[in-house]
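Asker:
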Amino acid sequence: ESVLILFAFCVLWSIRKRLRRPGILFAIYLSVVGAERFLIEFIRVTYKFDVWGIALSEAQLISLGMLTFAAVAGGYLFIERKGAKRRTV
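Those letters in the sequence shown? Residues 50 to 138, per my numbering, in order.
1. Around the Cβ of R69, are there at least 16 other Cβ atoms within 10 angstroms (buried) or fewer (exposed)?
2. Using the C-alpha atoms, what's the distance from V121 back to I77?
3. Which residues bound the alpha helix (DSSP H) around I89?
4. Keeping to the same chain, check which residues put their C-beta closer than 6 Å to that of S106; ignore five residues upstream and five downstream.
5. Can you give me the Cβ contacts of L53 inside the same chain, cut-off strictly under 8 Å, excluding the 5 residues immediately before and after it?
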């Protein structure tokens, strides 16, 4: 887990100056950390909740929420960016 997070940090640190839109880096961070947590929880022995017939841990449910928020925020920022380009032209 520590190796994955360190790798994610290195990737995010390397792309930080290329991203001009505020919030995109945070959305990428949420999606990477959410996916990492979701996958790590499969190898941990924790109590599972039955959610629509799928057994998920509490951390996996939270990571799904993080992934959903990251997708919505990233999509919003991406669409808003396209709209901002059109307005300035």
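We put the beta carbon where it would ideally sit given N, CA and C, even for glycine.
Answerer: Judging by the given coordinates:
1. By the 10 Å Cβ count, R69 comes out exposed.
2. Straight-line Cα distance between these residues: approximately 11 Å.
3. For I89, the uninterrupted alpha helix (DSSP H) segment begins and ends at I73 to I89.
4. Closer than 6 Å at the Cβ level, and outside the excluded window around S106, lie E90, T95 and K97.
5. Cβ neighbours of L53 beyond the five flanking positions: E85 and I89.
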